[in-house]
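Here is the structure we will look at, set down as structure tokens.
There are 2 protein chains.
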Amino acid sequence: MESRELHGRVARLHYQHGMTHQEIGELLGLSRVKVTRLLADARRSGIVEIRIHSSASPFDELEAALVGRFGLQQVWIAPSFADERRTADSVGMTGAQCLRALVPTSGTVAVGLSSSVAAIVPHVHAEPAPDLGFVPLAGSWGGISRGMNPHELALRLGTAFGARTYHLPAPILASTPEAAAAFRADPGVRETMQLAAGADLLIAGVGGMDPRSGILIDVLGRSEQRQLVANGAVGDISARFFDAAGHSVGGEVDERVVGLSLDELTAIPHRVAVSFGPHKVHALETALRTGLMNMVVTDVDTAKALTKAASDNRKSG
Amino acid sequence: MESRELHGRVARLHYQHGMTHQEIGELLGLSRVKVTRLLADARRSGIVEIRIHSSASPFDELEAALVGRFGLQQVWIAPSFADERRTADSVGMTGAQCLRALVPTSGTVAVGLSSSVAAIVPHVHAEPAPDLGFVPLAGSWGGISRGMNPHELALRLGTAFGARTYHLPAPILASTPEAAAAFRADPGVRETMQLAAGADLLIAGVGGMDPRSGILIDVLGRSEQRQLVANGAVGDISARFFDAAGHSVGGEVDERVVGLSLDELTAIPHRVAVSFGPHKVHALETALRTGLMNMVVTDVDTAKALTKAASDNRKSG
DNA sequence: CGGTTACCAGAACGGATGTTCAACTCATGG
DNA sequence: CCATGAGTTGAACATCCGTTCTGGTAACCG
């Protein structure tokens, strides 16, 4: 992190006085490329903040349509791109806006497993909120972390918000039901889970049953997957698999999970799903239709697929 | 003014989601050029606001140098450009920042004659301040208005700030001292001038004696100019000419002016000079050195010339 | 002391953006 | 019904900006 002052100067000269990168470079004795980089840094780090004074979202109609169809509290939609990473970034940006709107200045936010929530972190530029806490609502897995472990998400989000963070020291999926019970009995684990259960806001991904669609699904063995599907599972929220009616599928896998149950999750008043992509549509549609989640952050393509899926359901059901 | 909503959408897609003008055009069914224009409008009109979270000004040292040399309260400096209109725009932008910092939410701002103050108007995007008033501190001239008549400046600035505006219905320079006295005796004129005299903040230009440097100076006849110079005039603030010591030069011209006197001007606690250009340096330097003005908004070139002039004075005087 | 790694810098390229200009639309008034 | 002019439009151009790639520098290590 270089001198904040230089970034501010360059940003002022460019954004306020309309000087070109070239001109600023000549004025301050820097190369044009250096100026370009300083400006990019300044935007990334939040030194430059761009506000748009207009309540209109670019995808208003689609948002309103989803709110109506599924009876949701609120919906945020980002544009879709051919490049999936770019879409992820836009969804992350939109998720950050959603959090800015929903996160209270005190209280607790429960954070679930999600590849998309990770994309939010770089877009958060908030005032420190020391009376706020971010709590993982389930355990994590070992080995290499792909940036989407619940504990890591809670930690990074919490840090970005200048809030307290909590840890749930257990695996998300224990090897046996008995081992899971033992973990849940641990005082540290129990305490964190109680805190998560009492949260005001839940933010989590919704996974599908397709191996490409979830993080968790490919942690499970082939036979376990087949078993879940056989029991009617259509998706999961942080390892809690649910069927087409939004009920827990139960079974052995469910008993091995260390984390909030579906009932505990739905007891949290505000529940935001952050999820996008064609493989997620079915699971996401179910989670929204059955009320497991009551808000969603997604991209245009997924949103369109959701409305389509919803109307198909209506006709056939 | 087209639908604010469309501007907001386009701005969000570009500034928040990083979409190119081309992509936005395709998404919304607009041409690329149209998108470019919408974005430019959005910035001009303040729908897009860019904040820089850094207190550092690009020309800190120079500002500090002027504050020190002349014992000023504060100084704002804009970059200089080869294209004078661009410089004027930058100074205007900087003046708007200055006003944002200084203008109270209630009270009165006295507005003097200035070509530069006009450049401020397009850069003001403030919350309406209905308890604030903008008052011209002198009369105006007839015929074509080049956008820098005191009454016009007060009106346009006041409008931009959503504030009350006042009018001083008289010429800035009456044809005879007696006519001027008659104007001053008018109840409407007297009332407005009293209001201006009680202002908290004064914002005005500082004119020089060179015909190219002032608006007013070329309204006067050749002989009147010569007379003023002979009496030691080095510059003026809204038609009040002063000498190298900062005192009024008096004389017939001074008696024909309808507007606050130099003594009345300097009774206003906060006095900002907005002025730039090589022809203004001498007058501006005098106004600052003698304390007629105690703040200044100018450009880099003028600022450098001011520090140089000040050190020359110190050596010789 | 050479090798390695990590980082930083600027040349060069290709895409993005801003501006100019000629064509067009649509009122208004003869 | 055409003439006029103000206001829009997008094609074409000129500039600006972002990224990639290569070379350089410094720190760390064997």
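For the record, the sequence lines run as chains A and B.
1 is the number of the first residue of the first sequence in this note's numbering; add one for each residue after it.
1001 is the number of the first residue of the second sequence in this note's numbering; add one for each residue after it.
Heads up, the beta-carbon is just placed ideally off N, CA and C, and yes, glycines get one too.
How is the beta strand (DSSP E) around residue i delimited, first residue to last?
i	result
residue 19 of chain A	Neither: residue 19 of chain A is in no beta strand (DSSP E) and is coded neither H nor E.
residue 274 of chain A	270 to 274
residue 1201 of chain B	1201 to 1204
residue 78 of chain A	74 to 78
residue 240 of chain A	240 to 242
Using a Cβ-Cβ cutoff of less than 8 Å, which residues in the same chain neighbour residue i once the five nearest sequence positions on both sides are dropped?
i	result
residue 267 of chain A	197
residue 1245 of chain B	1290
residue 1176 of chain B	1256
residue 94 of chain A	76, 77, 78 and 297
residue 1309 of chain B	1281, 1282 and 1285
residue 1019 of chain B	1013 and 1027
What is the DSSP secondary structure of residue i, reduced to helix, strand or coil?
i	result
residue 1114 of chain B	coil
residue 1170 of chain B	coil
residue 83 of chain A	coil
residue 1125 of chain B	coil
residue 136 of chain A	strand
residue 1260 of chain B	coil
residue 1293 of chain B	coil
residue 1307 of chain B	helix
residue 98 of chain A	helix
residue 222 of chain A	helix
residue 29 of chain A	coil
residue 1001 of chain B	With a pLDDT of 45 at residue 1001 of chain B, under the threshold of 50, the modelled position of this residue cannot be trusted; read the value that follows with caution. Reduced to three states, the DSSP call for residue 1001 of chain B is coil.
residue 1164 of chain B	strand
residue 299 of chain A	strand
residue 23 of chain A	helix
residue 1175 of chain B	coil
residue 90 of chain A	helix
residue 246 of chain A	coil
residue 107 of chain A	strand
So with Cβ pairs under 8 Å, would you call residue i a contact of chain A?
i	result
residue 1078 of chain B	yes
residue 1119 of chain B	no
residue 1046 of chain B	yes
residue 1193 of chain B	no
residue 1049 of chain B	yes
By the criterion of Cβ-Cβ separation under 8 Å, what are the contact partners of residue i in chain B?
i	result
residue 19 of chain A	1079
residue 93 of chain A	1016 and 1017
residue 102 of chain A	The contacting residues do not exist; residue 102 of chain A stays about 17 Å from chain B at best.
Can you find a C-beta in chain B that's less than 8 Å from the C-beta of residue i?
i	result
residue 85 of chain A	no
residue 62 of chain A	no
residue 38 of chain A	no
residue 7 of chain A	yes
residue 66 of chain A	no
residue 265 of chain A	no
residue 99 of chain A	no
residue 27 of chain A	yes
For residue i, go through chain A and note every residue whose CB falls closer than 9 Å to its CB, in chain order.
i	result
residue 1004 of chain B	53, 54 and 56
residue 1012 of chain B	52, 54, 56, 57 and 58
Kindly indicate the opening and closing residues of the alpha helix (DSSP H) around residue i.
i	result
residue 61 of chain A	60 to 70
residue 150 of chain A	150 to 160
residue 1049 of chain B	Not the alpha helix (DSSP H): residue 1049 of chain B falls in the beta strand (DSSP E), residues 1048 to 1052.
residue 32 of chain A	32 to 45
residue 190 of chain A	187 to 197
residue 1234 of chain B	Looking at the DSSP string, residue 1234 of chain B is not in any alpha helix (DSSP H); the run it does join, the beta strand (DSSP E), is 1233 to 1237.
Leaving out the 5 sequence neighbours to the left and right, which residues in its chain are closer than 7 Å to residue i when beta-carbon positions are compared?
i	result
residue 954 of chain B	There is simply no residue 954 of chain B to check, as chain B begins at 1001 and stops at 1317 in what is shown.
residue 1022 of chain B	1032
residue 1128 of chain B	1162
residue 107 of chain A	132 and 200
residue 188 of chain A	169
residue 190 of chain A	184
residue 149 of chain A	140 and 141
residue 227 of chain A	251
Which bits of chain A does residue i rub up against, with CB to CB less than 8 Å?
i	result
residue 1166 of chain B	The premise fails here: residue 1166 of chain B is roughly 29 Å from chain A at the closest Cβ pair, so nothing lies under 8 Å.
List, in chain order, every chain B residue whose beta-carbon is nearer than 9 Å to that of residue i.
i	result
residue 90 of chain A	1016, 1017, 1018 and 1019
Tell me which residues share the same chain as residue i and place their Cβ nearer than 6 Å to its Cβ, disregarding the 5 neighbours each side in the sequence.
i	result
residue 96 of chain A	120, 123 and 124
residue 42 of chain A	7, 11 and 48
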